[in-house]
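Here the numbering used here runs 5 ahead of the position in the sequence shown, where the first position is 1.
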Amino acid sequence: MRALLVAAVAITTLAGGRSLSAQPALDDLIDRASRYVVGYERAFWLLAMDEEYVQWLERPTNPGSNLTRGNPGGGMVAGRQESRRVAKADFVLVQAGPGRGWLPFRDILTMNGSEVTFAEDRLVRLLRSGTADAFDLAADMHEASRKHDVGNVTRTINIPMLGMMLLHPDVRERFTFKHEGDESIGGREVERIGYRETTRPTLIKTTRGRDLVLTGRMWIESSTGVVVKTEMIAADPVVRAQVTVTFRRDGELAMWVPEKMEEYYKASLAFDDIYSTSTFTMPRVFQPGGRY
């Protein structure tokens, strides 16, 4: 059975909940980060990137079942990596509307060095064409890319900006925030902020409608509110998903863009842990109406 995580795209419809921490310094930081997120979603309509998409399964160490005094190892089998796949892809994020985040689309170009399609940038051309069925066709391409996924968990929360959008003014009051310390990332001093979703129904659900409470961390530059890194965890006794995204500042675009997305998934009935890493390069932004 494939476990499925369902992300709510229209996150504004679930706004409301408990207020932020009463600590003024933390409130100020979250306010700056919220303004940054609002400005970020207004900065572009479409972001296209080249992606190297590496996936693999890891089978944990098996402790064995025949433990005896004469066989203390019990037939233990060491963990190993399996089903490694390396893809080159076009990855596109499209603004879904104010406060609604971005829709992801992936088009696999090569898989383990073998060509899948030769038409680079066909997602960008399609989505900018303005044709009535453009989004449906792009969704079909994205769905076709899923057949290359390894493991038994269908991934729907691996959207690079989803963790950042939890700071949006329309939804941030669903969460409590806690200052966890200072760090340096890429030479920038940032504040590490932990968060936990406290409002039901939750933003993330399973296919059977179970709530999956979001927890995680955000790394925020105090002086600017720039979100440098996000970690998002959705878990219950049946399935666990963790998505970590690191951003970098692109000098040519004069904006921060996703640099790396690391994913981990585990279904309780599965033997293997699922891992993937996406590395993004060559970011291009577009505005509606064909404007670059």
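No residue lacks a Cβ here, since even glycine has one placed at the ideal position from N, Cα and C.
In this text, all values refer to a predicted model and were calculated from it rather than measured experimentally.
- Counting C-beta pairs with one atom in each stretch, the stretch 201-216 and the stretch 119-134 have fewer than three that are closer than 8 Å, which means they do not touch.
- In this structure, the CA atom of residue 128 is about 43 Å from the CA atom of residue 30.
- By the C-beta density criterion, residue 226 is buried, having at least 16 other C-beta atoms within 10 angstroms.
- If you ignore the 5 residues before and after residue 39, its C-beta comes within less than 8 Å of the C-beta of 172, 173, 174, 177 and 230, all in its own chain and listed in chain order.
- Annotation for residue 111: 94, 96, 147 and 150 place their beta carbon closer than 6 Å to its own, counting only its chain and skipping 5 residues before and after.
- Shown here, residue 125 sits in coil according to DSSP, grouped into three states, outside any helix or strand.
- Around the C-beta of residue 137, fewer than 16 other C-beta atoms lie within 10 Å, and the residue is accordingly described as exposed.
- The straight-line gap separating the alpha-carbon atoms of residue 224 and residue 205 is approximately 25 Å.
- Of the residues 292, 273 and 288, the one whose Cα lies closest to the Cα of residue 65 is 273.
- Apart from sequence neighbours up to five positions away, the residues of its chain that approach residue 282 with a beta-carbon distance below 6 Å are 59 and 267, ordered along the chain.
- Inclusion of residue 55 and residue 260 in the CB contact set at 7 Å is not warranted, their separation being larger than that value.
- Residue pairing for residue 184: DSSP places it in a beta bridge opposite 198.
- The DSSP-derived three-state label of residue 96 is strand.
- Residue 168 and residue 221 do touch by the CB rule: their CB atoms are close to 7 Å apart, below 8 Å.
- Nearest to residue 157 by C-alpha distance, out of 62, 258 and 255, is 62.
- Taking 7 Å as the cut-off, the beta carbon of residue 265 is found closer than this to the beta carbon of residue 284.
- Inter-residue distance for residue 51 and residue 216 is about 31 Å (C-alpha atoms, whole angstroms).
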